[in-house]
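Chemist: Numbered according to the working numbering, the sequence shown terminates at residue 397, and the numbering increases by one at each position without gaps.
Below is the structure I would like to discuss, written out as structure tokens.
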Amino acid sequence: LAAGQSREWEVWLPLSASAAAANVPRRFTAQPLAAEGWLLPGEQGRLLVQSWQAAVARMRAERNGPWLRSDSRRSIGAANRDSMHIASALMRADQADAVLPWLLARIATGSTRDCPLLAHWAQLAAQAQLAGAWSPAQRQALQPWVQDSLARYQPGGACAELAASPAPDPASVSLQLAALLPEPALALGPAQGNGGEVVQADAGAGQVAAAAPVPGVLPAGPLAVSTALPLPPGEPVSLSQRQQLWEAALALRDDRLLPGWQQWQRGQSQGLLDARQAAEQVQAIAATVVQEQADHLRLLPGLPASAWQQGQLQVPGVLTRWGRLGLQGRREGRDWVLEFAPGLQAPPAGLVLDWPFAQPPAPALVDGLPQPWQSGRLHLRSVPVQLRIALPVP
């Protein structure tokens, strides 16, 4: 249904003769469409937002608590690989409530003794922690698993030295796991270097790796902006790469979607992608807004120059390993004003925004203070409240 729209249905429930009247539902409450509130510039952006909402709804519909629905297993399989992709996409789409029952069930089954899977569960659990999704009781129930998993990443542990090149860095996994420890355990031991260093803390059964406390979101107010910030490694996003990311997201759209795509028959949504394809679609659309690098975030890497000129942008939340990125953009004259919502921590190497125009950029205003672009890149060491960019005259 469109936002604010209402409609009446008749719901027929098959009942046996012995069914108790108390078991018959008397009231049904419609829930808001997941990912409501997104806005991407232009007609293509509108289509991507529709696709984002459809894909998230499709994935949520395939969940039955911690498991995929039984009729979905025949079409997309119930293997760890499919479940992992769906869970990652739901978490990226800020749908932690649909992931946590599944994650807790996987942890309870003992399937996390496989190191690559363990690394994946640790990343999801840490993202949920940054999003504030864990209840105190759930976090307490996680502690035996956290302690056991941390021990696997200690020197000599089963996951301490992973030979496979694509395997996650053990130190990074240890930091994600340590973020789930109770706060007093995190505070033990002096922190060394920056917030990403590992310190030793006594966690009951022995010495385990714990993370130094990660600083929270910076308070509002002017930032101490340096004009000579060292750029993180990596080439800037070229204009062609920016367009390719945008077109890749458009290419995954389901052309069968009609204006009334929210039509269901026999429990299946007609014309929607299956959950596995929907996961790929969500990841592709999210990649146009933010990309996670080893130590920094790339902002808006897949937003073409034409979308910058159109100005309107609203991203309620995309979860990253450093918290929730929320953005709102608007045009004010020749300027494009980007405002950052609370909930994102500064990565170790900060945030990077690449200039998408052929003309040279004018200095940007970061919380009111000018900061020049370096080789076509704007490097933010801290998460600003507001970023003002002067757009070139078309």
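We put the CB at the ideal spot given by N, CA and C, even for glycine.
Just so you know, these numbers come straight off a predicted model, no measurement behind them.
Output yes or no for whether 8 Å exceeds the beta carbon distance between residue 367 and residue 299.
Modeler: no
Chemist: Anyone know if the C-beta pair for residue 242 and residue 359 falls short of 8 Å?
Modeler: yes
Chemist: My guess is that residue 376 and residue 347 are in contact by the Cβ rule of under 8 Å, so how many angstroms apart are they, rounded?
Modeler: Incorrect: roughly 21 Å between the Cβ atoms, too far for contact.
Chemist: Would you kindly report the start and end of the unbroken alpha helix (DSSP H) that includes residue 48?
Modeler: 45–64
Chemist: Around the Cβ of residue 152, are there at least 16 other Cβ atoms within 10 angstroms (buried) or fewer (exposed)?
Modeler: buried
Chemist: Identify, in the order they occur along the chain, each residue of the same chain with its Cβ nearer than 8 Å to the Cβ of residue 256, setting aside the five sequence neighbours on each side.
Modeler: 50, 51, 54 and 284
Chemist: How close, in whole Å, do the beta carbons of residue 322 and residue 172 come, if the pair is a contact with beta carbons under 8 Å?
Modeler: So it is not a contact: roughly 20 Å between Cβ atoms.
Chemist: For residue 371, list the residues DSSP reports as bridge partners.
Modeler: Per DSSP, none; premise fails for residue 371.
Chemist: Judging by CA-CA distance, which residue of 250, 342, 336 and 349 is the nearest neighbour of residue 304?
Modeler: 250
Chemist: List the endpoints of the continuous beta strand (DSSP E) containing residue 295.
Modeler: Residue 295 -> beta strand (DSSP E) spans 293–295.
Chemist: Is the beta carbon of residue 350 within less than 7 Å of some heavy atom of the ligand ZN?
Modeler: In terms of ligand content, the structure shown is empty, and the ligand ZN therefore cannot be addressed.
Chemist: What do you get for residue 383, buried or exposed, if any count of 16 or more other CB atoms within 10 angstroms of its CB means buried?
Modeler: buried
Chemist: Is the CB-CB distance between residue 184 and residue 132 below 8 Å?
Modeler: no
Chemist: Nearest-angstrom Cα distance between residue 156 and residue 163?
Modeler: 4 Å
Chemist: Within 10 angstroms of its Cβ, does residue 112 collect 16 or more other Cβ (buried), or is it exposed?
Modeler: With fewer than 16 other Cβ atoms within 10 Å, it is exposed.
Chemist: Go to residue 148, then tell me how far its alpha helix (DSSP H) extends in each direction, as first and last residue.
Modeler: 139–155
Chemist: Can you name the start and end residues of the alpha helix (DSSP H) that residue 319 belongs to?
Modeler: No alpha helix (DSSP H) contains residue 319, which is instead part of the beta strand (DSSP E) from 316–323.
Chemist: If you follow the beta strand (DSSP E) that residue 335 is in, where does it begin and where does it stop?
Modeler: Secondary structure note for residue 335: its beta strand (DSSP E) is the uninterrupted segment 326–335.
Chemist: Leaving out the 5 sequence neighbours to the left and right, which residues in its chain are closer than 8 Å to residue 378 when beta-carbon positions are compared?
Modeler: 234 and 239
Chemist: For residue 47, collect the residues of the same chain with a Cβ closer than 7 Å to its Cβ; drop the 5 residues on either side in sequence, then sort them by chain order.
Modeler: The beta carbon of residue 47 is closer than 7 Å to those of 253 in its chain, skipping five residues each way along the sequence.
Chemist: Given that a residue counts as buried once 16 or more other Cβ atoms are within 10 Å of its Cβ, and exposed if not, what is residue 386?
Modeler: Classification for residue 386: buried.
Chemist: Just to confirm, is the Cβ distance from residue 118 to residue 161 under 8 Å?
Modeler: A contact, by the Cβ cut-off of 8 Å.
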